[in-house]
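J.:
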Amino acid sequence: MMDDKGQVALEYMLIFAVSLILLIVFTLPLSETTIQNTLDVSDTLNAKSDLSKIAQAVSQVYGQGQGSKQSVHIVSSDDIDVNVNQNYISSTLKLNDGSKKVEKINFKSTLEKSNVHLRKGENSITVDWPESSQNMRIYVN
């Protein structure tokens, strides 16, 4: 009398392996997309937080008037170019799918239009309004 139980167990293992491979093939790209979207949201929130810190310093110097000065320390995970204007501060972020997103924060100031480059790592940004000047200044130390 022959025993076919070994063959049945091998067939179940083969079906299970094929099913597992198919499951991985279809779910892995979906999880990668989800992870990339989550990283985009995280990077956007970090950049907006950094811009908010700078905008708060600008608003504080503007509120205190000529002769005031404020420094902000920012730890950036990437290089960021910050566009400074009299009424707003903005930055263009490149997302993982290749598109771009502009983050913008409004404020009042006497700043002239300029660009500030934040390097990856620690940055110290100073906003001051000299006594003898009509315009505020912003620069990286």
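Residue numbers (the numbering used here): 5 to 145. Glycine included, every Cβ here is placed at the ideal spot set by N, Cα and C. Source: prediction; values computed, not measured.
1. Of the choices V131, N41, F30 and N110, whose alpha-carbon is the least far from that of G71?
2. Report yes or no: do three or more beta-carbon pairs, one from the region 59-76 and one from the region 120-138, lie closer than 8 angstroms?
3. Beta strand (DSSP E) containing R141: first to last residue?
4. Smallest Cα separation from Q64: which of W133, L49, K104 and K117?
5. Looking at the unbroken beta strand (DSSP E) that takes in Q74, where does it start and where does it end?
6. With burial defined as no fewer than 16 other Cβ atoms inside 10 Å of the residue's Cβ, what is the status of Q74: buried or exposed?
7. Is it right to say S95 is buried, meaning 16 or more other beta carbons lie within 10 angstroms of its own, or is it exposed?
8. Using the DSSP secondary-structure output, state which residues sit across from K105 in a beta bridge.
9. Going by the CB atoms, is the gap between I78 and D54 shorter than 8 angstroms?
T.: A quick look at the data gives this:
1. Working through the sequence shown from its first residue, we reach residue 71 at position 67. Looking only at V131, N41, F30 and N110, the smallest Cα-Cα distance to G71 is reached by V131.
2. yes
3. Locating residue 141 in the sequence shown gives position 137, counting from the first residue. R141 to V144 is the extent of the beta strand (DSSP E) around R141.
4. As a working mapping, residue 64 is identified with position 60 in the sequence shown. Sorting W133, L49, K104 and K117 by C-alpha distance to the C-alpha of Q64 places W133 at the top.
5. Sequence index remark: in the sequence shown, residue 74 carries index 70 (1-based). Note, Q74: beta strand (DSSP E), K73 to S80.
6. Sequence index remark: in the sequence shown, residue 74 carries index 70 (1-based). Burial call: buried.
7. Numbered from 1 along the sequence shown, position 91 holds the residue referred to as residue 95. It is buried - the Cβ of S95 has at least 16 other Cβ atoms within 10 Å.
8. As a position in the sequence shown, residue 105 is number 101, starting the count at 1. The partner list for K105 (beta bridge, DSSP) reads L97.
9. Counting from one through the sequence shown, the residue named residue 54 turns up at place 50. Counting from one through the sequence shown, the residue named residue 78 turns up at place 74. Yes, they are a contact pair.
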